[in-house]
Structures are given as structure tokens and as C-alpha cells.
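Counting from 239, one number per residue, gives the positions in the sequence shown under the numbering used here.
Comments concern the structure below.
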Amino acid sequence: MPGLELTSRGCSPGRIRRSVALRGLVCASLSAAGFTGLSPSTGAAEPLSLKQPGWIASVAFSPDGKRLANACSDRTARLRDANSGEEIAVLTGHRDYVVAVGFAPDGKTLATGSYDHTACLWDVGSSRLRSTLHGHRGAVMSVAFSPDGSALATSSLDTTVRLWSVDTGELQGTFRGHKSWVNSIAFSPDGAALISGSSDGTVKVWDVRAQRVKTTLRATDAEVRSVAISPDGKMLAAGIRYGIVKLWLDGKERAGFKGHESDVWSLAFTADGKTLISGDGDWDKPGQVKLWDARTGQLLATLEHTGEVLSVACSPDGRRVAAGSRDGTLKVWEVSTLLKGAR
239 MPGLELTSRG
249 CSPGRIRRSV
259 ALRGLVCASL
269 SAAGFTGLSP
279 STGAAEPLSL
289 KQPGWIASVA
299 FSPDGKRLAN
309 ACSDRTARLR
319 DANSGEEIAV
329 LTGHRDYVVA
339 VGFAPDGKTL
349 ATGSYDHTAC
359 LWDVGSSRLR
369 STLHGHRGAV
379 MSVAFSPDGS
389 ALATSSLDTT
399 VRLWSVDTGE
409 LQGTFRGHKS
419 WVNSIAFSPD
429 GAALISGSSD
439 GTVKVWDVRA
449 QRVKTTLRAT
459 DAEVRSVAIS
469 PDGKMLAAGI
479 RYGIVKLWLD
489 GKERAGFKGH
499 ESDVWSLAFT
509 ADGKTLISGD
519 GDWDKPGQVK
529 LWDARTGQLL
539 ATLEHTGEVL
549 SVACSPDGRR
559 VAAGSRDGTL
569 KVWEVSTLLK
579 GAR
């Protein structure tokens, strides 16, 4: 998702990052689907559309692709059947907006991050709260499990990244180095590195064992809203304010382009690493979800929406894309046919 700092109710994520004093809103909706630049024969089926009681700042598929989780501004996280959209559980316990969700690699645990400065670990099977992680001094904007599921990383408006034991809930380390909000994090596939994107305009690569910065990539003079890493660990992507997307291959900048008109709040790679998915939006303007060829930067498809797109996710099999945005609508598209036709 994306790191999303918010202002008062009714404000956009863009404005929140400009003022920490105000609390906020980053909402959810993905309405009226449509594909641009594609013939009808390559279009995807009508998406599954699910209405939520608030904006959706984060979405995630379970590792087996059967469940879909989303963070909601009503202080809950919700679990749904990814195929039917049927609501399975509503997770309550946070005291402020929930803005981050993520499944453990075994699918048995869900992590959430909130504006109440905490992260929570939930048992997916029973929908019960396992533990609450205290320590951040600002909203927890992103969560990520290590590939072996033993650790959880969290990032915050307090400019830090923290590492926790999933079994005990104990703090294992605090990574300091960013000069502003840390909006998005992701582990490398081997778990040795952690990637973070910040409003200070940098992407940092951390050595997890040593808990120090290995590399700092100067992404832009603008804020980095989101980061993603390819399944093979070779490519990094950053979604940046003002619609910029940047890609690094083996640590070297490969491409930088204006992919959207508004801030790129969320990024995700497909499981094969061939496609990069990006979502954008700005306040009350329509947002888009775009699918790119990760090797060439070629635009494969554009999904048009009426709301500000705040979060995107791809199913493990690469067949479906989910997105949430400002008006409280969660949509899920079947894109396998679309991608095959576009290529």
C-alpha cells in the first residue's frame, strides 16, 4: 500500500503528509471499471465490487489466494472470500484508522497497522487478536512479514522501521536513518534485506541481520509513497508523488517515468515478476490502476476509476488484481486473459 498519512475526515492522503498535526483520511473506492487502449476482445471480465464502511488504505491476498484482507477507516480490518467476496470476519481492536494489512507466509496470521501507533497480530482461523505491538510514536503505515514468517517489520510516521518477533511480540530492533515518514516497506525474497520508502525522497535497503543501511537510493526530490520488490529480488520499484514510477535492477536505476497524473500510492509485482501494478489518486479526482511490463516499461492496461486509488494487490497465481480507494469500494478483476492479450 502504501504509506498514507491523513488529515481530518474528508481529506486526502496527499494533504496528510503535508501536515502531521492533522489527522486524517485516505479513503477507499474503485468504481466503474474500464480499460483504455485495449480492444474489447482483450478486456477483463466485469470486476467483483464490494462496498466497505470506510476508505480502504491497504489490501492483501492470502498466500493461497483464497482470502482477501483489507484495512478500513472504521478502525477494522476485514477478511473476505477472495472468489465470492463474502465477508468472513471483522477484526476489531484498534482505536484509530487501520491503514495496513499483510498475511504471514503460512496464511495463518494477519498483521495490521493503525493510526493508533500500534500493530496487531491476528489468528486468521479464529479471527482473534494474538498480540498488540507497542513502541512506535506515530501511525504504523506499513507491515511486512519476513519470508520465513518469524519476524514482522513495521514502518511509521515516527521515521523508523521496527522489527518484531512474531512468536513473542518482542521488539528485535529499530532501524533509524530516514529523515521523514516511512510510508512503505517490503522484505527481499531471501529475507536478508528490507526495503523502505520515505517522504524524505529516498529508498533504503537495510541489512536485516546487521540492522544497518546497506544502500540509499535517491529516488526523487518528492515523497516516496510506495515500494515493491520483484519475486527474484533483483528489481525494486518506487511509487512517487506527482505520478512518477522508478525501477532499479540489481541496484542500478533502470527506468524512471511519469506513469500517472497523481501520486502513486501503491505498487505490486505479479508472482512471475513480469508485470508491475500501480495505483494512483489525488483527493477527489478519479484514480487509475495500471499494469506495466516490468522489463520494458510498456503500459499493458489501464483501469479507470471514479475514486482515489489507495491500494493494490495481486493474487499469488497472478490471475487477479484487487484495489481499494477513497469511496469505500473494493474491486477484484480477473486479469489473466487481459495480460495475455496485451502481450
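Beta carbons are placed, not taken as given, at the ideal position from N, Cα and C, and that holds for glycine.
Note that the structure is predicted; figures quoted are calculated from it, not measured.
Where residue i falls: helix, strand or coil (DSSP)
i: Thr280; result: Confidence in Thr280 is poor, its pLDDT being 33 and thus under 50, which makes the residue's placement unreliable; the coordinate value appears in the next sentence. Helix.
i: Leu227; result: Residue 227 lies beyond the range of the chain shown here (239 to 581); nothing can be said about it.
i: Thr544; result: coil
i: Lys417; result: coil
i: Lys512; result: coil
i: Thr458; result: coil
i: Ser504; result: strand
i: Gly477; result: strand
i: Phe425; result: strand
i: Thr534; result: coil
i: Lys484; result: strand
i: Arg564; result: strand
i: Thr406; result: coil
i: Lys528; result: strand
i: Lys452; result: strand
i: Ala259; result: Since pLDDT at Ala259 reaches only 31, below the 50 mark, its modelled position is unreliable, and the value read off the structure follows with that caveat. Ala259: coil per DSSP, three-state reduction.
i: Leu268; result: Any answer about Leu268 is weak, because its pLDDT of 29 lies below 50 and its placement is not dependable; what the coordinates show is given next. In the structure shown, Leu268 sits in coil (DSSP, three-state: anything other than H, G, I, E or B).
Limits of the beta strand (DSSP E) - the one that residue i falls within
i: Trp571; result: 567-572
i: Val443; result: 440-445
i: Val378; result: 378-383
i: Arg492; result: 490-496
i: Ser436; result: 431-436
i: Trp360; result: 357-361
Beta-ladder partner(s) of residue i, from DSSP
i: Leu329; result: Ala315
i: Ala307; result: Ala298, Leu317
i: Lys523; result: Asp520
i: Gly411; result: Leu401
i: Gly340; result: Ala349
i: Leu286; result: Val570
i: Arg375; result: BP columns for Arg375 are empty, so no partner.
i: Arg582; result: This structure gives no information on residue 582, because the portion of the chain shown stretches from 239 to 581.
i: Arg463; result: Paired residue(s): none; Arg463 is not in a bridge.
i: Ser549; result: Gly562
i: Leu390; result: Phe383, Trp402
Sub-7 angstroms separation of residue i and residue j beta-carbons
i: Thr508; j: Gly556; result: yes
i: Pro291; j: Lys569; result: no
i: Leu529; j: Ala539; result: yes
i: Ala377; j: Tyr353; result: yes
i: Cys358; j: Gly331; result: yes
i: Arg316; j: Val328; result: yes
i: Ala560; j: Leu306; result: yes
i: Val441; j: Ala460; result: no
i: Asn219; j: Gly562; result: Absent from the model: residue 219. The displayed extent of the chain is 239 to 581, so no value can be given.
i: Gly345; j: Ser300; result: yes
i: Val465; j: Ala448; result: no
i: Ile423; j: Ala391; result: yes
i: Ser393; j: Ser365; result: no
i: Gly429; j: Arg400; result: no
i: Thr398; j: Thr412; result: yes
i: Leu485; j: Arg492; result: yes
i: Glu542; j: Gly519; result: no
i: Leu371; j: Trp402; result: yes
i: Ser188; j: Gly511; result: A query on residue 188 cannot be resolved here, the shown segment of the chain reaching from 239 to 581 and no further.
i: Val446; j: Leu432; result: yes
i: Val502; j: Val483; result: yes
For this session: Check whether the segment 418-429 touches the segment 401-408, counting contact only when three or more Cβ pairs, one atom from each stretch, lie closer than 8 angstroms.
Result: no
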